[in-house]
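Chains as they are written, first to last, in our numbering: chain A, 27 to 359; chain B, 1309 to 1859.
Next comes the structure, spelled out in structure tokens:
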């Protein structure tokens, strides 16, 4: 087990040879509170430019992991590397801290400041100089759509606005790695959508983003890779494509104007249609289909040839939530 | 214009920018400026009434010779200067410490300080920004009074550089007390305790200032024993520079020496010495702040730092002690014992400051091979148990008492009066007292290793109990008895008070029994640490086995 004791650069290269290949690389990262291990020997690798979604039930250790990556929490053991540089929780690496942006789930703010002064303060903390500082504060205000609130006291903002202001604070210093912990929790659907759009813009700007959320549909839309945590362990870490390829089943929704029993009888002739379920309130079946697109076309042709009045036939894929539940985890959506 | 100034200041220190933006609002500035101005005006009018041209009025500033009234303007200015200085001391320090502790407590409660911690700014930059910015309105009020204060100092005939020196002492005292306030604000208290903390810090500062000021007014000396406490009170320096110009304020002058220097007459040296002393302690508190800012669970100082702190304290305090050399009569022996009590209390403070918490010892125990080997780890590694380090600190501190005792036995007495037996008994009692320090450190450490969630409170209660409750129990148990149990007193911090009455058998008994107690506690500590390491490994294994998720 590697500890957070200081090591020389040469030792570091020997111990963690591939650390510089990733935007985030952790080695045996562990956090123990009393007799409870919140994060247990996690080896996480996230490539530059990825949007990495972290999912898992409450208490799985997601927040603790993100806090350690943001240097807000001291690991009990293990090492963290950000773009190949060792992250330590002291004054020793100001340049590395300059590259990190962290948005916690509770986003505390200074209510005695106005929006502009708040962002200006953080821009100064991150050593942005004029005139770049003023330009950058304007840019992030525009991005989070708070330009018209720049002179308002923070205490007068709505929850959604405060959340967006926190995101603006997180990115004002142009970090290359964003750590977002439950960024949309408690937001209404419109605020959530606005937030998602901002994340997409940041992703296009080339930021590496690690985001934890219980809203799996959002993660499915935003992420390139996903990690699943449970009881402190990282039990799954793969690209979203890989996850779908391995675990998502193809489904075909078939609706008929005739009797469903006739459709079921015909489906029994196809071995690739393994099982089906009736969709409640509709004259439709959801069919588990393991064939290729050509074979699904064959199925449609056969059903029509058999004289069944088919009025809907479309292929779908299991969503992230279904995959997650299938893996035996209980994820709140 | 205000915004432009704050903007420029903010380029130098962003934290100062944030604090000034929050504190300096035009309305607040006008109100504080008005209060400051009115107070100065009132003070001036009160003093002006003392030198009225009305022949009916007499005062200490007016002398009348052959019907001609002469006003002693230097004396009058000196008293205004001193009064204003007291305003500065008694407002700036307690209110400033209150404001800073309250500010950090609020940040800790809301969790906002975490973002600042994550920024690339250094801990000291942030805390200097807080120190300069949080009491900004207070500074503003005194900045308005500064020309008034300075002018009356010069008017009193005090040389320019001494007035300036005193202003610097005031600044240094603020930095010193505010560093402590920040450190207290960073301590990991529960939220309900935090709300009362600022009041407590302000009150303790005020009590210290009043108590020491009373001593400065009355005689100005604790017979050399607690003189080090004067060094942190700006009133001590004020007395030095204004005793001649304000003889009615500082009527009686006691002599305070440091090694061979008489500090009461060497004003210039005292100002420099005071500034150096403040700088030294501000430096040590800055080190603690740097450590605690990023991790509130870290010991205040590393073990190596604690040795330097003990040595600093010992060297400074020994200077005061040696300037009041006692010989071995009964009264002087009590002074020697009081010296030892002072060092003992410092050692107790260091036990609390450097003892690592359970989780740190756990890490040290689990990864033992990655730390220094053998004794070196116990002496230097900060996650290792602090018992040996406290023993070394105790030895450094008690070296001061040993030097003092030997000097007291030798220097002021004729060869025929030298009492080697008494000196020997003193040194033996000192060794027993040192063993008690190590014993308390061992018990404190083992209580910190306890499983209970309240172990930090438990450990501090244990320490306070051993230091204060045991002597109190002995005192009350034998309060009506003529026979004081000398042996029992050897097990308390007051061992040196028994020097004349205690016999050799009792000393040996105390020595052996305390050594055995340390041996027993050490074995217990050793086993606890081994169990800690083993239990962590067990937790890991159990968790892995129960989930079956990862080997």
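Backbone N, C-alpha and C fix where the C-beta goes; we use that ideal spot for every residue, glycine too. Please read all numbers here as calculations on a predicted model, not as lab measurements.
Judged by DSSP secondary structure, residue 1794 of chain B falls within the alpha helix (DSSP H) whose first and last residues are 1794 to 1797. Unbroken beta strand (DSSP E) runs of no fewer than 3 residues, entirely contained in the segment 236 to 287 of chain A, are found at 251 to 256, 259 to 265, 276 to 282, following chain order. At least one CB of chain A lies nearer than 7 Å to the CB of residue 1431 of chain B. Beta-bridge annotation (DSSP): residue 1373 of chain B is paired with B:1376. Looking from the CA of residue 1757 of chain B, the closest CA among B:1803, B:1832, B:1735 belongs to B:1832.
Partner residues in the beta bridge of residue 71 of chain A, as assigned by DSSP, are A:51. Of the residues B:1394, B:1580, B:1777, the one whose Cα lies closest to the Cα of residue 1469 of chain B is B:1580. Contact between the segment 1454 to 1464 of chain B and the segment 1476 to 1487 of chain B is absent, with fewer than three C-beta pairs closer than 8 Å. Cβ contact annotation for residue 1399 of chain B (same chain, cutoff 6 Å, sequence separation greater than five): none. DSSP places residue 1712 of chain B in the uninterrupted alpha helix (DSSP H) bounded by 1695 to 1718.
If you ignore the 5 residues before and after residue 1509 of chain B, its C-beta comes within less than 7 Å of the C-beta of 1405, 1406, 1409, 1489, 1492, all in its own chain and listed in chain order. The secondary-structure analysis by DSSP pairs residue 127 of chain A across a beta bridge with A:204. Taking each of A:59, A:172, A:139 in turn and checking the Cα distance to residue 1331 of chain B, the smallest one comes out for A:139. For the segment 150 to 165 of chain A, residues whose beta-carbon sits nearer than 9 Å to a beta-carbon of chain B comprise 150, 151, 152, 153, 155, 156.
Between residue 138 of chain A and chain B, the shortest Cβ-Cβ separation is below 7 Å.
At a beta-carbon threshold of 7 Å, the residues of chain B lying near residue 124 of chain A are 1428, ordered along the chain. Residue 1652 of chain B places its beta carbon less than 7 Å from that of residue 1801 of chain B.
Membership of residue 339 of chain A in any alpha helix (DSSP H) is not indicated; the residue belongs instead to the beta strand (DSSP E) covering 336 to 343.
Runs of alpha helix (DSSP H) with 4 or more residues, each lying fully within the segment 85 to 118 of chain A, are found at 88 to 95, listed in chain order. Shown here, residue 64 of chain A sits in a strand according to DSSP, grouped into three states.
Residue-level contact by beta carbon holds for residue 1418 of chain B and chain A, with a gap shorter than 7 Å. With contacts defined by Cβ atoms closer than 7 Å, residue 127 of chain A and residue 204 of chain A form a contacting pair.
Here DSSP, grouped into helix, strand and coil, assigns residue 79 of chain A to strand. Residues of the segment 196 to 219 of chain A that bring their beta carbon within less than 8 Å of a beta carbon in chain B are absent altogether. Per the coordinates, the alpha-carbon of residue 1676 of chain B lies some 10 Å from the alpha-carbon of residue 1670 of chain B.
When C-beta atoms of the segment 141 to 161 of chain A are compared with those of the segment 1435 to 1443 of chain B, fewer than three pairs fall below 8 Å, so the two segments do not count as touching.
Exposed is the label assigned to residue 84 of chain A, since fewer than 16 other Cβ atoms lie within 10 Å of its Cβ. Under the criterion of beta carbons closer than 8 Å, residue 299 of chain A and residue 293 of chain A qualify as touching, at roughly 5 Å.
Comparing alpha carbon positions, the residue from B:1681, B:1729, B:1680, B:1741 closest to residue 1707 of chain B is B:1741. In this chain, the beta strand (DSSP E) harbouring residue 315 of chain A covers 310 to 315. In the DSSP assignment, residue 304 of chain A falls within the beta strand (DSSP E) that extends over 299 to 305. Residues 1837, 1840, 1841 of the same chain have their beta carbon placed closer than 6 Å to that of residue 1673 of chain B, with the five preceding and five following residues left out of the count.
For residue 1393 of chain B, the uninterrupted alpha helix (DSSP H) run begins and ends at 1381 to 1418, by DSSP. Nearest to residue 1656 of chain B by C-alpha distance, out of B:1773, B:1467, B:1525, is B:1773.
Using a C-beta cut-off of 8 Å, the segment 314 to 327 of chain A makes contact with the segment 263 to 278 of chain A, since at least three inter-stretch Cβ pairs fall below that distance.
Taken through DSSP and simplified to helix, strand or coil, residue 1563 of chain B comes out as coil.
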